[in-house]
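Input: a single structure, listed below in structure tokens.
Number of protein chains: 2
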Amino acid sequence: MSAKRQQLILNAFALFYEKGVHAVGINEVLAVSGIAKKTLYTHFASKEELVCAVLEYRNAAYLRWLEQRLDAANEGVAKVDALFDALDDWFHDREEVLFPFHGCFFMNVSGEYGDPECAIHQQCAKHKVDVEAIVLRAVKTLDLSEQACAELAAMLCLLKDGAISKARVQGDKTAAASAKKVARQLV
Amino acid sequence: MSAKRQQLILNAFALFYEKGVHAVGINEVLAVSGIAKKTLYTHFASKEELVCAVLEYRNAAYLRWLEQRLDAANEGVAKVDALFDALDDWFHDREEVLFPFHGCFFMNVSGEYGDPECAIHQQCAKHKVDVEAIVLRAVKTLDLSEQACAELAAMLCLLKDGAISKARVQGDKTAAASAKKVARQLV
DNA sequence: ACACAAGTAGACAAGTCGGTCTACTTCATA
DNA sequence: TATGAAGTAGACCGACTTGTCTACTTGTGT
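And the structure:
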């Protein structure tokens with residue numbers, strides 16, 4: 063049944079996100095989920111495969127959330143504001159779908175899997191590309207050239223990740239507001 | 063002898079930085095260092111204490127490097143350029159003292175130690191405060207009000223950490239140059 | 001009604017983890 | 001010269017790791 067699989071992914075994500083992947087054992091995931099070990103290993107060949115599935119899940123959930131937030135905003139500069147307002151809500155745990163804030167899951171995981179060639183690290187890199195694509199789409203509603211849009215999107219992502227990192231490491235939840243100020247100056 | 067201690071810290075840092083703290087066991091550190099386990103435990107009460115010492119070492123080395131790079135630049139906007147030029151050299155492994163680039167060690171480690179109350183996480187937060195203080199000192203050579211200096215320093219740090227994160231996760235070593243462009247627009 | 005897939009609990013294997021300890025060797029200095 | 005600190009190698013401990021496997025139970029579709 064796919065329900066068990068989904069449950070495992072969800073519980074694994076919550077634990078991995080809070081404590082780090084290496085710090086959480088399979089047994090802990092199973093205990094929290096109330097699922098037998100054999101069931102896990104019928105759905106996933108290894109812990110690494112579970113980690114990949116978790117990354118995939120989080121990527122989809124995060125993109126869906128971000129897309130929705132940006133779509134809801136008016137076209138033009140309001141899209142830029144919407145990006146950082148969304149971050150602000152995330153940092154302040156006002157978005158249940160994203161789970162309690164512990165920074166960017168993909169930054170955290172790629173820190174644990176040093177080798178840039180490995181599948182896990184590359185999934186993290188892909189997430190950042192996906193996010194930038196969504197930001198780019200929003201930015202294209204501004205009255206700018208193709209090239210200017212691409213550059214602006216890249217810069218906004220730079221600010222976004224800086225803010226996420228600051229909110230995570232220093233616990234400074236106002237980082238989104240600061241980044242918003244900078245973004246305003248840029249557009 | 064303090065030489066063994068220093069050797070342990072150095073080798074441990076190289077391994078932790080490359081592979082992550084949880085992914086590296088005490089035994090691996092010892093094997094690489096050619097040092098007996100007992101010696102390690104005469105210098106450090108536990109692995110956690112070793113991790114703390116490693117964080118302390120890296121913080122000092124990084125601050126020294128950054129301070130020197132910023133001091134060497136002319137006063138004024140050149141200081142801002144110097145910051146991102148320094149990052150660019152780091153990303154491209156042109157700074158041996160910083161070891162091969164694997165992102166910000168403190169971001170990586172704080173991702174592995176989720177609890178923001180624990181000593182390790184707080185040491186990571188302190189590093190970011192220390193860095194911002196150095197950036198602030200450099201920014202103060204610009205002709206700006208106290209408040210404007212503080213805000214600019216915070217924004218530059220946001221950009222800096224965004225660039226580090228991008229260079230790390232996506233392997234995009236040009237991130238420093240992009241961040242420099244944004245910074246130029248801000249000053 | 002019955003077969004079969006999917007679930008359960010949990011013992012077990014093989015290995016690694018952090019950490020302790022014994023027994024021995026250097027080596028500097030009082 | 002003798003003592004004690006600091007080093008060595010590595011056996012050992014208990015706990016934990018991922019992953020396999022057995023034996024049993026549940027539930028659904030034909």
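Going down the list, the protein sequences come from chains D and Z.
Counting from 63, one number per residue, gives the positions in the first sequence under our numbering.
Counting from 63, one number per residue, gives the positions in the second sequence under our numbering.
For each residue, glycine too, the CB sits at the ideal point set by N, CA and C.
The model shown is predicted, which means the values in this text are computed figures rather than measured ones.
Nearest CA to the CA of residue i: which residue from the options?
i        : options                                : result
D:Gln69  : D:Gly87, D:Val94, D:Gly176             : D:Val94
D:Trp152 : D:Lys81, D:Asp234, D:Ala74             : D:Asp234
D:Thr101 : D:Asp150, D:Gln209, D:Leu128, D:Ser64  : D:Ser64
D:Ala238 : D:Leu117, D:Gln209, D:His154           : D:His154
D:Ala195 : D:Thr236, D:Ala215, D:Phe75            : D:Ala215
Z:Ala144 : Z:Asp205, Z:Leu218, Z:Gln232           : Z:Leu218
Z:Glu118 : Z:Val249, Z:Lys141, Z:Ala135, Z:Ala181 : Z:Ala181
D:Ala135 : D:Thr203, D:Val91, D:Lys242, D:Phe168  : D:Thr203
Z:Glu137 : Z:Asp205, Z:Lys228, Z:Ser240, Z:Ala229 : Z:Asp205
Z:Glu179 : D:Val231, D:Ser108, D:Leu125           : D:Val231
Z:Gly173 : D:Pro162, D:Phe78, D:Glu157            : D:Phe78
D:Ala123 : D:Lys109, D:Glu110, D:Leu72            : D:Leu72
D:Phe106 : D:Lys66, D:Val197, D:Glu80             : D:Lys66
D:Asp133 : D:Lys243, D:Thr104, D:Leu198           : D:Leu198
Z:Glu129 : Z:Val193, Z:Lys81, Z:Gly165            : Z:Val193
Z:Leu220 : Z:Ser207, Z:Phe75, Z:Val244, Z:Ala76   : Z:Val244
D:Ala76  : D:Phe146, D:Val159, D:Val139           : D:Val159
Z:Lys81  : D:Asp177, D:Leu92, D:Glu208, D:Glu110  : D:Asp177
Z:Arg126 : Z:Ala148, Z:Glu111, Z:Val86            : Z:Ala148
Z:Asn170 : Z:Phe161, Z:Leu248, Z:His183           : Z:His183
Z:Val83  : Z:Phe161, Z:Arg156, Z:Tyr175, Z:Ala212 : Z:Tyr175
Within 10 angstroms of its Cβ, does residue i collect 16 or more other Cβ (buried), or is it exposed?
i        : result
D:His189 : buried
Z:Lys222 : buried
Z:Asp150 : buried
D:Ala210 : exposed
Z:Ala200 : buried
Z:Lys141 : buried
Z:Arg131 : buried
Z:Ser227 : buried
D:Asn89  : exposed
Z:Ala241 : buried
Z:Arg120 : buried
Z:Gln185 : buried
D:Ala98  : exposed
Z:Val191 : exposed
D:Gly224 : buried
Z:Gly96  : exposed
Z:Gly165 : buried
According to DSSP, simplified to helix, strand and coil, what is residue i?
i        : result
Z:Gln232 : coil
D:Leu220 : helix
Z:Leu72  : helix
Z:Leu92  : helix
D:His164 : coil
Z:His189 : helix
Z:Ser172 : helix
D:Cys211 : helix
D:Asp177 : coil
D:Met63  : Residue confidence is low: D:Met63 scores 48 on pLDDT, short of 50, so the model does not pin down where it sits. No coordinate-derived value is stated.
D:Arg156 : coil
D:His183 : helix
Z:Val86  : coil
Z:Ser108 : coil
What span of residues does the alpha helix (DSSP H) with residue i cover, start to end?
i        : result
Z:Asn136 : Looking at the DSSP string, Z:Asn136 is not in any alpha helix (DSSP H), and its letter there is neither H nor E.
Z:Ala238 : 237-248
D:Thr203 : That residue, D:Thr203, is in no alpha helix (DSSP H); it is neither H nor E in DSSP.
D:His105 : 99-105
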